[in-house]
Amino acid sequence: MSEYRVNEHGYYGSFGGSFIPEMLYPNVEELRERYLAILESEDFQKQYHQLLRDYVGRPTPLYLAERLSERLGASIYLKREDLCHTGAHKVNNTVGQILLAKALGKQKIIAETGAGQHGVATATVCALMGLECIVYMGQVDMERQKPNVERMKLLGAEVRPAMSGSRTLKDATNEAMRHWINNPADTHYIIGSVVGPHPYPDMVARLQAIISKEMRAQLKEKTGTENPDYVVACVGGGSNAAGAFYHYLDEPSVKLIAVEAAGKGVDSGESAATTFLGKPGVLHGSKTLLMQTEDGQVTEPYSISAGLDYPGIGPLHAHLFDSKRAGFLAVTDAQAMDAGIRLSKLEGIIPAIESAHALAALEQMELKKSDVVIVNLSGRGDKDLETYIKWGGY
Ligand SMILES: *Cc1c(COP(=O)(O)O)cnc(C)c1O
384 MSEYRVNEHG YYGSFGGSFI PEMLYPNVEE LRERYLAILE SEDFQKQYHQ LLRDYVGRPT
444 PLYLAERLSE RLGASIYLKR EDLCHTGAHK VNNTVGQILL AKALGKQKII AETGAGQHGV
504 ATATVCALMG LECIVYMGQV DMERQKPNVE RMKLLGAEVR PAMSGSRTLK DATNEAMRHW
564 INNPADTHYI IGSVVGPHPY PDMVARLQAI ISKEMRAQLK EKTGTENPDY VVACVGGGSN
624 AAGAFYHYLD EPSVKLIAVE AAGKGVDSGE SAATTFLGKP GVLHGSKTLL MQTEDGQVTE
684 PYSISAGLDY PGIGPLHAHL FDSKRAGFLA VTDAQAMDAG IRLSKLEGII PAIESAHALA
744 ALEQMELKKS DVVIVNLSGR GDKDLETYIK WGGY
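The opening residue of the sequence shown carries number 384 in the numbering used here; numbering runs sequentially from there.
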């Protein structure tokens, strides 16, 4: 078995596990016992791939960005997750988890959301399947992300404000957990990244692994070889990166580059660069790397990009960092905004600001003319137009 896949105890190296309150144990245990059999069943596979094709719009193209390649002096391919229905990779996971919820016989769905992207992807598949959907969102985030709140409502979801603490993502997560404890029998909790107690990180990674499965086939068709020199992806919790890395984890010739948000600078006090600033600890049910104070309080993260504004990373990524299987780079707000504007002008593609972090990292890498690089373009920039406008400079 690969040392980069989760082991039978739910660990990646020394990271992962399931650190949950006792009252959550039956829910997580049911999932742990049943997820693999469901995900690998013929029925699930058929429905999942049919929806990915007809509803999400997969396979997403692998696009050789010629003008960007010329600028950077290497062959740069973009994996176009921005073309997925709802505008990002997140729907790959929610489509899979809604089918899993149905297979488990659950009628109700809950989710937490920060910026609202995962909430929208969850509300979307609940509408598709006619299931009741409650999304917890920090009250501060609801103010900041009004269009996504309205999208979720339009899709038929109920958005419940989390009023405790800093009224942001971690408080929304606490509320969702509390809801799940009180409604274990009929409710499935859809987590939006490769975080949370085992089996969530493995489950979400498997559902996003379609990204690298397609990459291999598409690169082979275009270049005659399945393996690029580099795969580059941004990391918030790490689900798009996990999907982009998945089928390359045991190919040592493929260098994996994970890109974190440095915010206003790694040492500025306003950053979300977890591997640079974090230490091992427990966050949202798993042991991982997280940003924390001397006495172990979780530090408030910062990034211009709402999707990367998370104080930890999933346990798989903590292990990829620890084992040096992946390289980690940090990109500032300014570097990401420049890269986003550059891609818009060079290729006619306005990227999500999260994805712009992955693009900006290319400038830090010493690329050779012969290098083949795949960048996972996790999402489109429509949702970020206001941030681009405020930033200006284009
Ligand atoms: C949510 C989001 C991310 C960050 O989440 P991961 O789990 O790290 O992938 C990155 N890009 C986009 C477009 C997103 O919406």
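Glycine included, each C-beta is placed from N, C-alpha and C at the ideal position.
Taking Cβ positions, are A744 and V642 nearer each other than 8 Å? Position 361 of the sequence shown, counting from 1, holds the residue named residue 744. Position 259 of the sequence shown, counting from 1, holds the residue named residue 642. A contact, by the Cβ cut-off of 8 Å.
Beta-carbon separation of E495 and A555 under 8 Å? In the sequence shown, residue 495 corresponds to position 112, counting from 1. In the sequence shown, residue 555 corresponds to position 172, counting from 1. When the beta-carbon positions are compared, E495 and A555 come within less than 8 Å of each other.
Quick check: what's the CA-CA separation for G456 versus A713? The residue labelled residue 456 in the question sits at position 73 within the sequence shown. The residue labelled residue 713 in the question sits at position 330 within the sequence shown. Approximately 21 Å between the Cα atoms of the pair.
Give the DSSP-derived three-state secondary structure of Y693 in the structure shown. Within the sequence shown, the letter at position 310 stands for residue 693. In the structure shown, the three-state DSSP call for Y693 is coil.
Hey, G399 and P584 are a contact pair by Cβ (cut 8 Å); roughly how many whole angstroms apart? Stepping through the sequence shown from its first residue, residue 399 is reached at position 16. Stepping through the sequence shown from its first residue, residue 584 is reached at position 201. Indeed, because the Cβ distance is near 6 Å, the residues count as touching under 8 Å.
Nearest-angstrom Cα separation, counted from L729 out to G548: Here residue 548 is taken as the residue at index 165 of the sequence shown, counted from 1. Here residue 729 is taken as the residue at index 346 of the sequence shown, counted from 1. Distance between the alpha carbons of G548 and L729: 43 Å.
Consult DSSP for N410 and reduce its assignment to one of helix, strand or coil. In the sequence shown, residue 410 corresponds to position 27, counting from 1. The DSSP-derived three-state label of N410 is helix.
Is the beta carbon of G575 less than 8 Å from the beta carbon of H501? Position 192 of the sequence shown, counted from the start, is the residue given in the question as residue 575. Position 118 of the sequence shown, counted from the start, is the residue given in the question as residue 501. For G575 and H501, yes; Cβs fall inside 8 Å.
Closer than 7 Å: S595 CB and nearest ligand 1 heavy atom: Looking up residue 595 in the sequence shown gives position 212. False, no ligand heavy atom lies under 7 Å from that Cβ.
Is there at least one non-hydrogen atom of ligand 1 closer than 7 Å to the beta-carbon of A717? Along the sequence shown, one-based indexing puts residue 717 at 334. The answer is no for A717.
Name the two residues that bound the continuous alpha helix (DSSP H) containing H740. Against the sequence shown, residue 740 aligns to sequence position 357. Here the alpha helix (DSSP H) through H740 covers 736 to 744.
State the DSSP-derived secondary structure class of H806, mapped to helix, strand or coil. Lying outside 384 to 777, the shown extent of the chain, residue 806 is not represented and no answer is given.
Which one of K662, Q591, G648 has the shortest CA to CA distance from F628? As a working note, residue 628 is residue 245 in the sequence shown. Among K662, Q591, G648, the Cα nearest to that of F628 is on Q591.
In whole angstroms, what separates the C-alpha of I640 from that of G646? As a first step, residue 640 must be located in the sequence shown, where it is residue number 257. As a first step, residue 646 must be located in the sequence shown, where it is residue number 263. Taking the straight line from one Cα to the other gives about 18 Å.
So G723 packs on A739, CB below 8 Å; how close in whole Å? The count along the sequence shown starts at 1 and reaches residue 723 at position 340. The count along the sequence shown starts at 1 and reaches residue 739 at position 356. About 3 Å separates the CB atoms of G723 and A739; that is less than 8 Å, so the two are in contact.
Beta-carbon spacing of Y460, L447 below 8 Å: Sequence index remark: in the sequence shown, residue 460 carries index 77 (1-based). Sequence index remark: in the sequence shown, residue 447 carries index 64 (1-based). Contact: yes.
A471 bridges to which residues according to DSSP? Taking the sequence shown and counting its residues from 1, one reaches residue 471 at position 88. Answer is G762.
Would you check whether ligand 1 has a heavy atom nearer than 7 Å to the C-beta of Q490? Looking up residue 490 in the sequence shown gives position 107. No, the Cβ of Q490 stays beyond 7 Å of every heavy atom of ligand 1.
Would you say K752 touches ligand 1, meaning its beta carbon is less than 7 Å from a heavy atom? As a position in the sequence shown, residue 752 is number 369, starting the count at 1. Not under cutoff, so the answer is no.
Within 10 angstroms of its Cβ, does M535 collect 16 or more other Cβ (buried), or is it exposed? Translated into positions along the sequence shown, residue 535 becomes position 152. So M535 counts as buried.
How many angstroms separate the CA atom of P698 from the CA atom of M586? The residue you call residue 698 lines up with position 315 of the sequence shown. The residue you call residue 586 lines up with position 203 of the sequence shown. Rounded to the nearest angstrom, the two C-alpha atoms are 13 Å apart.
Counting Cβ pairs closer than 8 Å, one from the stretch 705 to 712 and one from the stretch 751 to 767, do we hit at least three? The stretch 705 to 712 makes no contact with the stretch 751 to 767, as fewer than three CB pairs between them are under 8 Å.
Inter-stretch contact at 8 Å, needing at least 3 Cβ pairs: the stretch 594 to 603 / the stretch 671 to 690: Taking one beta carbon from each stretch, the stretch 594 to 603 and the stretch 671 to 690 have fewer than 3 pairs nearer than 8 Å; the two do not touch.
On the DSSP bridge list, what partners appear for R463? In the sequence shown, residue 463 corresponds to position 80, counting from 1. R463 is bridged to L760.
Pull up the DSSP beta-bridge partners for H571, would you. Translated into positions along the sequence shown, residue 571 becomes position 188. Note: H571 sits in a beta bridge opposite I492.
Identify whether P544 lies in helix, strand or coil by the three-state DSSP scheme. Start at 1 with the first residue of the sequence shown, and residue 544 comes out as number 161. Of the three classes helix, strand and coil, the one that applies to P544 here is strand, per DSSP.
Looking at the structure shown, is Y538 part of a helix, part of a strand, or coil, going by DSSP? Translated into positions along the sequence shown, residue 538 becomes position 155. Residue 538 is actually Leu in this sequence, not Tyr. L538: coil per DSSP, three-state reduction.
In angstroms with no decimal places, state the Cα-to-Cα distance between K491 and T507. As a working mapping, residue 491 is identified with position 108 in the sequence shown. As a working mapping, residue 507 is identified with position 124 in the sequence shown. Annotation: K491 to T507 spans about 14 Å, alpha carbon to alpha carbon.
For I687, does the three-state DSSP call read helix, strand or coil? Numbered from its first residue, the sequence shown carries residue 687 at position 304. For I687, the three-state secondary structure derived from DSSP is coil.
Environment of M379 [buried if 16+ CB atoms lie within 10 Å]: No answer is possible for residue 379: the residues shown for the chain start at 384 and end at 777.
What does a CB cutoff of less than 6 Å around V578 pick up in its chain, not counting 5 residues either side in sequence? Here residue 578 refers to the residue found at position 195 when the sequence shown is read from its first residue. Closer than 6 Å at the Cβ level, and outside the excluded window around V578, lie G620, H667, G697.
In three-state terms, what does DSSP make of A420? Taking the sequence shown and counting its residues from 1, one reaches residue 420 at position 37. Per DSSP, reduced to three states, the secondary structure at A420 is helical.
Quick one: what's Y342 bridged to in DSSP? Residue numbering for the chain in the displayed model covers 384 to 777; residue 342 lies beyond these limits and cannot be assessed.
Rounded to the nearest angstrom, what separates R550 and L673 at their Cα positions? Within the sequence shown, residue 550 is the residue found at index 167, counting from 1. Within the sequence shown, residue 673 is the residue found at index 290, counting from 1. If you draw a straight line from the Cα of R550 to the Cα of L673, it is about 19 Å long.
Top-ranked residue by Cα proximity to K670, from V615, H700, D650: Counting from one through the sequence shown, the residue named residue 670 turns up at place 287. It is H700.
Where are the beta strand (DSSP E) runs, 3 residues long or more, that stay fully inside the stretch 691 to 732, in chain order? Here the runs fully enclosed are 709 to 715.
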